[in-house]
Amino acid sequence: MKILLYASALIIVGSCATLSHKEKIQAIKKRIVIAHPTKVKAYANTITASELKKHLLKFSSDDYQGRKVGTNGQKLAVNYLKNYYISENIASPFGGSNYFQNIPKSYLGEKYDDSENVISYIEGSEKPNEVIIISAHHDHEGIHENGEIYNGADDNGSGTVALLEMAQAFKKAKLDGNGPKRSILFLHLTAEEVGLQGSRFYTQNPAFPLKNTVANLNIDMVGRVDKSHKYNPNYLYIIGADRLSTELHYISEVVNETFFNIKLDYKYNEENDRNRYYYRSDHYNFAKHNIPVIFYFNGEHNDYHQTTDTEDKINYPLLEKRTRLIFATAWQLANQKKRIIVDKS
Ligand SMILES: [Zn+2]
2 MKILLYASAL IIVGSCATLS HKEKIQAIKK RIVIAHPTKV KAYANTITAS
52 ELKKHLLKFS SDDYQGRKVG TNGQKLAVNY LKNYYISENI ASPFGGSNYF
102 QNIPKSYLGE KYDDSENVIS YIEGSEKPNE VIIISAHHDH EGIHENGEIY
152 NGADDNGSGT VALLEMAQAF KKAKLDGNGP KRSILFLHLT AEEVGLQGSR
202 FYTQNPAFPL KNTVANLNID MVGRVDKSHK YNPNYLYIIG ADRLSTELHY
252 ISEVVNETFF NIKLDYKYNE ENDRNRYYYR SDHYNFAKHN IPVIFYFNGE
302 HNDYHQTTDT EDKINYPLLE KRTRLIFATA WQLANQKKRI IVDKS
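Here you go:
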């Protein structure tokens, strides 16, 4: 596979020695065929700011007490997710109403009680054994010693509700006979805030074999605007897309250019970036296993890991647009003819 991609790149390069770097990239991008562009746009449009807000109002409310791993609040929060999937008739890969992947206290460490990942999926129509995983962690920091609740609306209520809306859009497509060719797994991870443990556990106990996992699109904070984009908020940081699969990087760009025109910011994707975000959220546990990932992130802000990360500060039109981009990227990965190629390690 690796050789094939290299050979085709050579043809492009060889066909005209005077092609600039930019022109070469354009040629590679032109060969990406967007799967059913009219349909993907129609289903992406079912993801709306108002529904995202409805979910986030509840999910980041004081009712869930900051969703600290293993606490009563976190249990209530995962039940909200489970009940949603049941009400939308979106299946669990474990069958029945068993949406929880339980992680024992003995795994999480002494400080925490048992916790759980929440998993739902849409079965692929042609290649059900190949799976795209869209993930977001649901846990957060609990209650401050001064009694204030860490609502975690951006971190990571925003990613959580994005998953709910994407699942609904894929389900709607399936009911209309336009379901994805490959399966899509919606993975709500626990224990991210305490060492990426939910994703580590999942990759050690996967619902589908890791070798059949095509890609992981991981979302952690996508509802806000950071300082450096205060005056141009139509952006999203993209991290990791080109680390394992050149193809994934260009698919991400072409989908965005075709439908959304968000400014994809690669600042934090630099190998020597001192923030090391590539290693700091759940996608890394997939990348470790050579599974191509994209990490979607809005950057840090003054309310990051503060009790002031509240719902009223979420930019919903932006959250809607970003969620639609991730949905359309997943659609492409699930529906394009060939599974994406891993050409790096
Ligand atoms: Zn987070």
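Reminder that position 10 of the sequence shown reads as 11 in the working numbering, one-by-one numbering, no gaps. All C-beta atoms in this analysis are idealised placements derived from N, C-alpha and C, irrespective of residue type, glycine included.
Counting Cβ pairs closer than 8 Å, one from the stretch 105-112 and one from the stretch 176-190, do we hit at least three?
With a cut-off of 8 Å on Cβ pairs, the stretch 105-112 is not in contact with the stretch 176-190, counting fewer than three such pairs.
DSSP puts leucine 186 in a beta bridge; with which residues?
Per DSSP, the beta-bridge partners of leucine 186 are Tyr122, Ile134.
Closest by C-alpha distance to glutamine 102, when choosing among Ala92, Glu117, Lys30, Val223
Out of Ala92, Glu117, Lys30, Val223, Glu117 has the C-alpha closest to the C-alpha of glutamine 102.
Close-in-space but distant-in-sequence residues of the same chain around glycine 153 (CB under 7 Å, 5 per side omitted):
The answer, listed in chain order, is Ser61, Gly67, Arg68, His141, Glu142, Asp310.
Under 8 Å Cβ to Cβ from histidine 189, same chain only, skipping five residues before and after it: list those, please.
Taking histidine 189 as the centre and dropping the five residues before and after it, the same chain places the C-beta of Val79, Leu82, Asn118, Val119, Ile120, Ser136, Ala137, His138, His139, Thr161, Leu164 closer than 8 Å to its C-beta, in chain order.
Using a threshold of 8 Å, state whether the C-beta atoms of threonine 191 and histidine 290 are closer than that.
Taking 8 Å as the Cβ cut-off, threonine 191 and histidine 290 do not qualify as a contacting pair.
For leucine 319 and glycine 125, the rounded distance between their alpha carbons:
Distance between the alpha carbons of glycine 125 and leucine 319 is about 29 Å.
Taking the runs of the alpha helix (DSSP H) that are 4 residues or longer, which of them lie wholly in the stretch 15-68?
Runs of the alpha helix (DSSP H) spanning 4 or more residues and lying entirely within the stretch 15-68 occur at 22-31, 38-45, 50-60, in chain order.
Are there 16 or more other CB atoms within 10 angstroms of the CB of glutamine 27, so buried, or fewer, so exposed?
Here glutamine 27 is exposed, its C-beta having fewer than 16 other C-beta atoms within 10 Å.
Here's the rule I'm using: 16 or more other beta-carbon atoms within 10 Å means buried, otherwise exposed. How should asparagine 299 be labelled?
Counting Cβ neighbours within 10 Å, asparagine 299 comes out buried, since at least 16 surround it.
Can you give the Cα-Cα distance for glutamate 272 and leucine 57, rounded to whole angstroms?
Glutamate 272 and leucine 57 have their C-alpha atoms some 33 Å from each other.
Simplified DSSP assignment, three categories, for proline 129
Here proline 129 sits in strand by DSSP.
Ignore the nearest five residues each way along the sequence and tell me which others in lysine 228's own chain have a CB closer than 6 Å to its CB.
In its chain, beyond the 5 residues on either side, no residue has a beta carbon closer than 6 Å to the beta carbon of lysine 228.
Could you tell me the boundaries of the alpha helix (DSSP H) in which tyrosine 285 lies?
Here the alpha helix (DSSP H) through tyrosine 285 covers 284-288.
Return helix, strand or coil for lysine 345, following the three-state DSSP convention.
DSSP places lysine 345 in the coil class of the three-state scheme, outside both helix and strand.
Taking 8 Å as the CB-CB cut-off, is lysine 42 touching chain D?
No chain D is part of this structure, which consists of one protein chain only.
List in chain order: all unbroken alpha helix (DSSP H) runs of 4+ residues lying wholly within the stretch 293-342.
The stretch 293-342 contains these whole alpha helix (DSSP H) runs: 317-336.
Can you tell me which residues form a DSSP beta bridge with tyrosine 238?
Looking at the DSSP output, tyrosine 238 shares a beta bridge with Asp266, Phe298.
For lysine 54 and tyrosine 317, which I take to be in contact (beta-carbon distance under 8 Å), what is that distance rounded to the nearest angstrom?
Taking C-beta atoms under 8 Å as the contact rule, lysine 54 and tyrosine 317 qualify, at a distance of about 5 Å.
Kindly indicate which three-state DSSP category glutamate 166 falls into: helix, strand or coil?
Looking at glutamate 166 - three-state DSSP - the assignment turns out to be helix.
Threonine 72 by DSSP, collapsed to three states: which one?
Here threonine 72 sits in coil by DSSP.
Does at least one heavy atom of ligand 1 sit under 7 Å from the Cβ of asparagine 157?
Yes, since a heavy atom of ligand 1 falls inside the 7 Å radius drawn around the Cβ of asparagine 157.
For arginine 277, count neighbouring C-beta atoms within 10 Å of its own C-beta (all shown protein chains included) and say buried if the count is 16 or more, exposed if not.
Flag for arginine 277 reads exposed.
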